[in-house]
Amino acid sequence: MAKSESNSKSPLEDVFVVDNDVHIEEPPGLMAKYFEPPYDDAVRRYEKSYRYRDTPGYMPGMKLGDIFRNSPASKHAKRPDLTNGENTERELKKYHVDIGVLFGENALKIPILQSVEYANAFASAYNDYLIDRFLDQSDALIGAIAVAPHDPHAAAEEIDRVANEKQMKAIFLPIGGLDRTYGHSTYRPIWEAATEHSLPIAFHSVGVDFPEFPFNMHKLPYLTRHTLAHELSLVVNCMHIVNEGIPVLYPELKFVFLEAGLSWMPMTAYRLDREYMQHREQAPLLEKRPSEYIDEFYIGTHPIEVPENPSELAVLLEQVNGEETAVFATDIPHHDWDDAGAIQSMPISKEAKENIWGLNAKKLYSI
Ligand SMILES: [Zn+2]
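1162 is the number of the first residue of the sequence shown in my numbering; add one for each residue after it.
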């Protein structure tokens, strides 16, 4: 809860706090100089007119900068300008956040870009933009290396290129609109590069309409689509990487799943365990129940469930092994961002809350 919004003391004031999901903006005018030819000139052209060039182009369904920022739906009176490290750190300080983990807005949609070359170019430009304008400006910010899933060998090269930046602490795998979910063997170069550089994998969901499951829901109402796209995209990717034994093949790898709350994970673990009992031959690499691997995965709290009885959240937390793996996430500056209230209201120990506020993220990102 922001100091400015309440007279009572925030639970975050005296503890170490990591916000695991902070969204920076990547307006084309600022991003253009980080692109190589021939894309630099094309991206620069969007600077003055990108409002009218929604799709296809810079990024399908792209955010609209100032227009979006001032949406009345936002909890902020004015959406903050998160296009540089100084502003971003200042914004996070208002909420007593010590470290913010940054993710792009448009970078969430890299998988739906049609051109493999442009997708790779976008990921590289994003990483350079992130380093130059954010990480080099603030020690309170850490980054996740964006890669295009279209070409896992190029993705591994991109990880090698920027992994030595000291504030790059994870690999950002966008999930919205994947052709193949992440259990597929084609992605092994990414797991190998992540292992080599000791970087955790951050899966971040997003709501998009796309012909591949689970995003082919264009005939459903937005409420249903938006709910399902976030949850199901994490469910299917979590199930698929476990089914294919990725945690067995790469035992050092850590994974965090962001932006679908907590409740999808118990369902995933329970159902996969049940099916595993009947079809073990389908997952020959597994050495224990699927749920035991899932228990080791980290999970972002946003958008946290809102049961009338907060004790139900404590049950959910236990089901996801959350005292060890849940990481606080606000999703600032999105209109549906979470404050500290839900976690503060949970009937759990002070130590468990401190783990969620920041200590679990400290383990996850080695900070
Ligand atoms: Zn987010």
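Positions of the beta carbon are idealized from the N, C-alpha and C atoms, including for glycine.
Apart from the five residues on each side of it in sequence, which residues of its chain come closer than 7 Å, Cβ to Cβ, to residue 1524?
If we look at residue 1524 and ignore the five residues flanking it on each side, it has no Cβ neighbours.
Residue range of the beta strand (DSSP E) that residue 1428 falls in?
Segment 1425 to 1439 is the alpha helix (DSSP H) holding residue 1428; no beta strand (DSSP E) there.
Could you give the residue range of the beta strand (DSSP E) that holds residue 1180?
Per DSSP, residue 1180 belongs to the beta strand (DSSP E) from 1179 to 1185.
Helix or strand or just coil, what does DSSP make of residue 1165?
Note that residue 1165 scores a pLDDT of 45, beneath 50, so its modelled location is shaky; the value from the coordinates is reported in the next line. The answer is helix: DSSP assigns residue 1165 an H, G or I state.
Between which residues of its own chain and residue 1242 is the CB-CB distance below 6 Å, once the five residues before and five after are set aside?
Only 1248 meet the Cβ criterion.
Could you say which of 1374, 1470, 1450, 1352 lies nearest to residue 1529 if we only look at CA atoms?
In the structure as shown, the chain starts at 1162 and stops at 1528, and residue 1529 therefore has no counterpart that could be examined.
Which of helix, strand or coil does DSSP assign to residue 1496?
Coil.
Which partner residues of residue 1364 appear in the DSSP bridge assignment?
In the DSSP output, where bridge partners are listed per residue, residue 1364 has 1334, 1418.
When DSSP labels each residue in this structure, what does residue 1343 get in the three-state scheme?
Coil, per DSSP.
My output table needs one value for residue 1504: the three-state DSSP class, helix, strand or coil.
Reduced to three states, the DSSP call for residue 1504 is helix.
Given a cut-off of 7 Å, decide if residue 1482 and residue 1499 are closer than it, judged by their beta-carbon atoms.
Not closer than 7 Å, so no.
So what does DSSP say about residue 1220, is it helix, strand or coil?
Here residue 1220 sits in coil by DSSP.
Smallest Cα separation from residue 1280: which of 1367, 1294, 1260, 1315?
Answer by Cα proximity: 1315.
Express the C-alpha separation of residue 1439 and residue 1178 in angstroms, rounding to a whole number.
Spanning the two alpha carbons is a distance of roughly 43 Å.
Mark residue 1124 as exposed unless 16 or more other C-beta atoms lie within 10 angstroms of its C-beta, in which case mark it buried.
Absent from the model: residue 1124. The displayed extent of the chain is 1162 to 1528, so no value can be given.
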